[in-house]
Structures are given as structure tokens and as C-alpha cells.
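The block underneath contains the structure these notes are about, expressed in C-alpha cells.
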Amino acid sequence: MITSGLFVVFYLLAVTTQVLGIATSLRDLSLSLGDFVVNNKGQECATPYSPKADHFMKEEFERDRVRRGVMRRQIADPTSSRPNVIFDVFINAISANMSYQGGWVTQDMLNMYGTYFRKGDIKALNINISGFTNSGGSNGFSLPPIYYQNYPKIDGVYIRWDGLPGGTSLDRQGSTVIHETGHWFSLWHTFEGGCNGIGDEMADTPAEAEAAFGCPVGRDSCPDAEGLDPIHNYMDYTNEACRESFSPAQVDRMHQAIRMYRR
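Set out below in C-alpha cells:
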């Protein structure tokens, strides 16, 4: 079922394999929606980067790569059975603007989001249009898949009501949905870790000292590292006309996240 007559199909080339369970203990990954919107005030995106969550997913991804390597050696054509993956997409219009008359909801109601609004299971993408004024200006946030086992009721993508195409936002006209869906499929920001950290775990997104804004063509915030800043990547903070693509490694990771988590 798709609400509002919206039918979105993600055509993804996924290697046929069994879905891996999340064997790693997630007891220390405690959160609420408040952790997203209160602890990340003033940020473009309020999805929190968690080194612990990144570590857990990195271990799971590596086990999956080993498993796939064994499977590829066992079959003649590893690309022969790659089905399309179809996701149900639910649009939950929680508020039209930041007034109570416009449907704005309190933080307590957002923390009970699943009880009120969420539909479907781990492979159902819920896009929630809300106000969350406590975020201090954030345009959206999302729940990476590693958290689903412990927090299924708050899984989804959350965006400000005014950041849709044709909305009143001067900064965002739709790309926030793409950015936050990237997080939903396990991607981190391209600038995680700055010049010296482990970054976003992607070999083809050059290191970036901090988020980029506007469209600073030729920016090289980490001159000692290879490559210019990935300002055209959807997981940076550049403007609508500037960010326009995911890297091949990011696409591979999203495919892997579907096999492991969202199927």
C-alpha cells in the first residue's frame, strides 16, 4: 500500500543472498527522537553520527563481503539473479506549518511517532513532514538501519514541512529527502571525521574538513589528502543546484544495507 497515490520503486541490483541478522549487541545504542532534534541544534541535518553505530555496521558489512565472496566463487555468473527491490513509501504529513493550527506536534508526540503514524516494517520508507521546532533550524534527520532492531517505531525520514519543492524555504527545495534517505540506507556525511578521521567509510569520497555550503567549486579543505572536496555529493550540505549524485561506493553500500537490513 502506498499513501497519497504515491508509488515509488527503487530499482536496485542486489545479489541474491539470505538477509543477515544483526548479531551484534545494540544495547548501548540508546536514543529517542529527542537525541536527533535537541542534541543537534543549528545543524543542517540532525541525524547524529555515532562512532559506535558506525563500528557495528562496519563489522556487519565486512562479514557480508566475506560471505558474498564465498557465494560468488560457488556460482558461474554472480549477476544472473539480481532482482529489483520494491519499497513501500508512506508520506505522513504531520504538520503543514509551525503553528498548532497548522498541525505542529510537540516533542512528546514525536517521541511516540510510531504509535501515531508509522506504517509497515523495516523495508517500508516512511517520509514524515513535520516542524520539530526544537531542532534550531535543522532541515531533517533520519534513523540509520542499525537502530531498527531496538527502535522500530521511530524508523524513518523526517523533513521540515517548508523544504519540499515549491515550499517557503530559501535553502531547500526537495534534496533533503534524498540526503536523509541516504542516511536511512546507512550512509554518513562526507565530512565525518574531518581530514584525519575515518570519514564516511567510502573510498571514493575525498576527505573533507567540514561541511560545504553554497557551491564552492574547486574547494580543497584537506590539501594533504587526495582529491577535491565532494561538494556535488548528496551527503554534503551544499545547495540544491550543487549536490546531485551519490558515488559508486555509496551506491554499493546502500545495496549492501538493503541486503543486510531493509529486506
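Counting with mature numbering (1 follows the signal peptide of the UniProt record, and there is no 0), you get residues -21 to -1, 1 to 242 for the letters of the sequence shown.
All C-beta atoms in this analysis are idealised placements derived from N, C-alpha and C, irrespective of residue type, glycine included.
Nothing here was measured: the structure is a model prediction, and the numbers come from that model.
Can you list, in chain order, the residues of its chain whose CB lies under 7 Å from that of residue 56, leaving out five sequence neighbours each side? Its pLDDT being 47, under 50, residue 56 is placed unreliably in this model, and the coordinates cannot settle the point.
**Prompt:** Which stretch, first to last residue, makes up the beta strand (DSSP E) that contains residue 138?
**Reply:** 136 to 139
Check: Whose C-beta lies closer than 8 Å to the C-beta of residue 96 among residues of the same chain, with five residues either side of it excluded?
Finding: 71, 73, 105, 107
Three-way DSSP call (helix, strand, coil) for residue 68 in this model = strand
Less than 8 Å between the CB atoms is what I'm expecting for residue 138 and residue 156, so what's the real figure, rounded? 6 Å
### Message
Please list the terminal residues of the continuous beta strand (DSSP E) segment that includes residue 106.
### Response
104 to 109
Practice task
Using the DSSP secondary-structure output, state which residues sit across from residue 119 in a beta bridge.
Solution key: 24, 138
Start-to-end residues for the alpha helix (DSSP H) that takes in residue 232
227 to 239
Can you give the Cα-Cα distance for residue 230 and residue 91, rounded to whole angstroms? 32 Å
Please report the straight-line C-alpha distance between residue 25 and residue 120, rounded to a whole angstrom.
5 Å
Counting pairs of Cβ atoms below 8 Å between the region 181 to 194 and the region 37 to 48, do you hit three or more?
no
Compute the distance between the beta-carbons of residue 214 and residue 125, then report whether it is under 8 Å. no
| query | Below 8 Å between beta carbons: does that hold for residue 190 and residue 158? | reply | no
Review point. Does the distance from the C-beta atom of residue 154 to that of residue 123 stay below 8 Å?
Key: no
TODO: Using three-state DSSP, classify residue 224 as helix, strand or coil.
DONE: strand
Exercise. Could you check the C-alpha separation between residue 174 and residue 198 for me, to the nearest Å?
Key: 13 Å
With distances taken from CA atoms, which of 208, 186, 202 is nearest residue 192?
-> 208
*asked:* By the DSSP assignment, the alpha helix (DSSP H) with residue 163 in it spans what residues?
replied: 154 to 163
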